[in-house]
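Asks:
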Amino acid sequence: MISLSKPFIGEEEVKAVVKVLRSGQLSQGEITLEFERKFAKYCGMSYAVAFSNATAAIHTALHALDTNEGGEVITTPFTFVASANPILMMRAKVVFADISEDDFCISPQEVQRVINNNTEAIIPVDLFGQIYDYKGLKKVVGKKKIKILEDASQAIGAEQDNIRAGNFGDVGVFSFYATKNLTTGEGGMAVTNSERLVKKMRLFRHHGQLPGKRYEYFELGYNYRMTDIAAAIGLEQLKRIDDFNKKRMKHASLLTEGLKNIPGIIIPNVKKNNKHVFHQYTIRVTKDFGHTRNELGQYLTMKGIGNGIYYPKPLHVYPHFRALGFKKGDFPVAERIANEVLSLPVNPQLTDENINTIIKAIANYAK
Ligand SMILES: *Cc1c(COP(=O)(O)O)cnc(C)c1O
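Under my numbering, residues 476 to 842 are what the sequence shown spells out, in order.
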């Protein structure tokens, strides 16, 4: 079986966890602080705040950015649901803008159509491991006081113009869920250069308690802390991330070489000046292929080749968004792309031979 995603946990991670378990400090402590410091440094940002998961980090970041009840927050309909749900947690208004088909990310032109005086923030997503069109979005935002929250959950180590993911907004958020390029089992991180935002995020993460003042609740807060157990895994994974990403990129370029001339298969586009870290290697299967996208997926599964559809439906067609007035047809690019995408294995543990097996299977199946 060639698996789509398979976390790599080495002896170092195991030892680090055992050390924490034996230390008696299981919840958030010094190890989390060290992970935050090293993570911020990796991203080239001043501060990092660790969370129990990225959904919590996005919720917290929206709070820190002063999102108001009823204020409008723009995001993409073609993403994991956790990019958008925190907008609802803030009782703010979800506004979707359609995507560009060349990078699957939010289209600045589409943002232009929905931006208005009530827009408070935008959540672009670095989908599949490639940073969104930052310059295009900045042009649309212009001098308006609109905050940007970069959902970089899938993009640790990605770069645009030699700048790492996490830098393309007021706050950047990463996920360490088990399938992500760097994992702590569950976990998340918010990075920023603003000391003010860091203070607000630390409060919100920890029941609204003032630092060092237990049982002094300054405001409503949650328990969104990371454990030192997770942070210990994260510190070891951070040492490996460049190697992980290098392997993903190598597998991606081999797949691209092998698939680029197959009619009906559209290979992922790496945009100029971008380093794409391929959280997912996502092809599009179009009419000329001779089989449907679902047929190709089933064929690969039968051949023992893992594959996945990210994402089978755009967010606006799900009940809790439809209830807000969205309907099928609202975001035609996202809707079409959702019917075409198929993600293929590029995880770091694969061999070149595995990649050749995938290429041969698809080439043989093509009509
Ligand atoms: C994984 C992911 C999240 C949520 O991360 P969790 O750590 O599972 O909460 C949010 N946004 C995107 C784009 C993701 O891929």
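From the three backbone atoms N, C-alpha and C, an ideal C-beta is built for every residue, glycine too. These numbers were taken from a predicted model, which means no experiment stands behind them.
#1: Under 6 Å Cβ to Cβ from residue 552, same chain only, skipping five residues before and after it: list those, please.
#2: The alpha helix (DSSP H) with residue 622 in it runs from where to where?
#3: What distance in whole Å lies between the Cβ atoms of residue 836 and residue 738, which are believed to be in contact at a cut-off of 8 Å?
#4: Can the beta-carbon of residue 646 be found closer than 8 Å to that of residue 630?
#5: Pick helix, strand or coil for residue 759, following the three-state DSSP scheme.
#6: Is the beta carbon of residue 548 less than 8 Å from the beta carbon of residue 542?
#7: Is there contact here, the region 642 to 662 with the region 526 to 546, by at least three beta-carbon pairs under 8 Å?
#8: Using the three-state DSSP reduction, which class does residue 649 fall into: helix, strand or coil?
#9: Within this structure, are the beta carbons of residue 481 and residue 824 separated by less than 8 Å?
#10: Can you find the residues in the same chain that come closer than 7 Å, C-beta to C-beta, to residue 720, ignoring five residues on each side of it along the sequence?
#11: Is residue 664 helix, strand or coil by DSSP?
#12: Tell me whether residue 709 counts as near ligand 1, meaning its Cβ is closer than 7 Å to at least one heavy atom of that ligand.
#13: By how many angstroms is the C-alpha of residue 690 removed from the C-alpha of residue 477?
#14: Under DSSP, the alpha helix (DSSP H) around residue 731 begins and ends at which residues?
#15: Looking at the unbroken alpha helix (DSSP H) that takes in residue 539, where does it start and where does it end?
#16: What's the call for residue 488, buried or exposed, on a 16-neighbour Cβ count within 10 Å?
#17: Which class does residue 571 belong to by DSSP, given the choice of helix, strand or coil?
Replies: Looking at the atomic coordinates:
#1: 571, 789, 790, 791, 806 and 809
#2: Where residue 622 is concerned, there is no enclosing alpha helix (DSSP H), although the beta strand (DSSP E) it sits in stretches over 622 to 626.
#3: Not confirmed; about 16 Å, so no contact.
#4: no
#5: strand
#6: yes
#7: yes
#8: strand
#9: yes
#10: 632, 656 and 752
#11: strand
#12: no
#13: 51 Å
#14: 703 to 734
#15: 529 to 539
#16: buried
#17: strand
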